Each structure stands twice: as structure tokens, then as C-alpha cells.
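The structure appears right after this line, and notes come after that.
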Amino acid sequence: MKPEAVLDLFRKSGALLDGHFRLSSGLHSDRYLQSALVLQYPEFADALGRALAERTRHLQPTVVLSPALGGIIIGQEVGRALGVRAIFAERQDGAMTLRRGFALASSDRVLVVEDVLTTGGSTRETAAVAEAIGSHVIGAATIIDRGADSAKLGLPLQALVRLEVPAYPPESCPLCAKGEAIVKPGSRA
Numbered sequence: 523m524k525p526e527a528v529l530d531l532f533r534k535s536g537a538l539l540d541g542h543f544r545l546s547s548g549l550h551s552d553r554y555l556q557s558a559l560v561l562q563y564p565e566f567a568d569a570l571g572r573a574l575a576e577r578t579r580h581l582q583p584t585v586v587l588s589p590a591l592g593g594i595i596i597g598q599e600v601g602r603a604l605g606v607r608a609i610f611a612e613r614q615d616g617a618m619t620l621r622r623g624f625a626l627a628s629s630d631r632v633l634v635v636e637d638v639l640t641t642g643g644s645t646r647e648t649a650a651v652a653e654a655i656g657s658h659v660i661g662a663a664t665i666i667d668r669g670a671d672s673a674k675l676g677l678p679l680q681a682l683v684r685l686e687v688p689a690y691p692p693e694s695c696p697l698c699a700k701g702e703a704i705v706k707p708g709s710r711a
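Going by our numbering, the letters in the sequence shown line up with residues 523 to 711, in that order.
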């Protein structure tokens, strides 16, 4: 799937937003990708999941692990397309952890799947959950890479779209300087 086709799905579903947004990373931006809006359509979720599966099949994952909440749907779709189970980590007392009876083994080859990466923080935290158990984290995949630093991520990264969207620390945000109201549309308040 070509990047423009992916962005067309985001546009068709109203998932590419303009305004003043506080991202999960704490950074501010004038564009937001609300992946839940595109993933609500089964045909779009299926197409994006199959596209990410094709880009990561060579890694031979045995399980897909996603951070809750944003990565759950796309993680499930990638797992389905790869024919492997899909589980998620979620925050408990401020730290990512496996709950709900999910488990990993040291023999698992874990692919971390996320919807949108900005700094890669959630992806690194999710990978750390698998690594702490002794599983082998083989890579990461995302629908949209907003500029995550692959070196800081520490994992091979596959993205359907690499999109350069400015993100600013709150103290140097030009939108804040203009007094524009900020919105937090994501899953983490």
C-alpha cells in the first residue's frame, strides 16, 4: 500500500485533523492523526493490517504486542493477517504491563505494533514489557511514523507512511504563543 493511499483512507474517514493538539507524548502539533476514526471501518482496518503484515512477515513474529489503547485495533489486524495471536499491554500504576491473562514466553518473537509513532515512547515501553519477560522483540511497525527517531527506538521499524509533522515542546509552541486553544483527542489524557 502506497503512502498516498494510506493518507486517503485517513482523509476519507475524517481522521486527519488540523488545529492545535496535545499529543500523547506531551508535545504540541497543528496536525493530528486520529487513527480510531480510520480503523472503525473494517475494510480500512483490514487493508492497513494486511499492508503492515506484508512489510513485517520476513521477521517471522510469533505474536503481535501493542500498547493500549491506540495500538489494539491495528495490532489485531496485523496479527490476523500474519496468522499469529495479538495481545496488548496497558498502563497500570503508570507503567505498561500485561494483564487480562495475556502472557509471553522466552521463545516468543514479538512484533510491537502501534497506530501512530511520534517519539516512540509507547513503543519502547511496550517492547520493554516483552524484554523483561525474556521474549525476543524483533521489530516495530506502525501505520504512521511522525518522525520517531529509529536510533532511539532501538528496533527495526516498518511504517506505511513517514509523515513530517512539526511537534513542539509546550514552552516553544507557536500555537500556544498565538493563544490558540489546545485539544487532547488521543487515548491518554
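For glycine and all other residues, C-beta sits at the position ideal for the given N, C-alpha and C. Only a predicted model underlies this, so the values are computations on that prediction, with no experimental measurement involved.
Do residue i and residue j have their C-beta atoms closer together than 7 Å?
| i | j | result |
| --- | --- | --- |
| residue 517 | residue 638 | In the structure as shown, the chain starts at 523 and stops at 711, and residue 517 therefore has no counterpart that could be examined. |
| residue 606 | residue 584 | yes |
| residue 567 | residue 561 | yes |
| residue 665 | residue 682 | yes |
| residue 523 | residue 603 | no |
| residue 593 | residue 705 | no |
| residue 675 | residue 642 | yes |
So residue i is in the beta strand (DSSP E); what residue range does that whole segment cover?
| i | result |
| --- | --- |
| residue 540 | 538–544 |
| residue 620 | 617–620 |
According to DSSP, residue i sits in a beta bridge with which residue or residues?
| i | result |
| --- | --- |
| residue 554 | 539 |
| residue 559 | Per DSSP, none; premise fails for residue 559. |
| residue 600 | Paired residue(s): none; residue 600 is not in a bridge. |
Rounded to a whole number of angstroms, what is the C-alpha to C-alpha distance between residue i and residue j?
| i | j | result |
| --- | --- | --- |
| residue 648 | residue 702 | 33 Å |
| residue 565 | residue 677 | 29 Å |
| residue 700 | residue 659 | 43 Å |
| residue 628 | residue 653 | 9 Å |
| residue 577 | residue 625 | 25 Å |
| residue 697 | residue 550 | 8 Å |
| residue 539 | residue 555 | 6 Å |
I need the boundaries of the alpha helix (DSSP H) containing residue i, first residue and last residue.
| i | result |
| --- | --- |
| residue 643 | 643–655 |
| residue 635 | It is not in any alpha helix (DSSP H) - residue 635 instead sits in the beta strand (DSSP E) that spans 631–639. |
| residue 577 | 564–578 |
| residue 528 | 525–534 |
Within 10 angstroms of its Cβ, does residue i collect 16 or more other Cβ (buried), or is it exposed?
| i | result |
| --- | --- |
| residue 596 | buried |
| residue 598 | buried |
| residue 579 | exposed |
| residue 691 | exposed |
| residue 636 | buried |
| residue 557 | buried |
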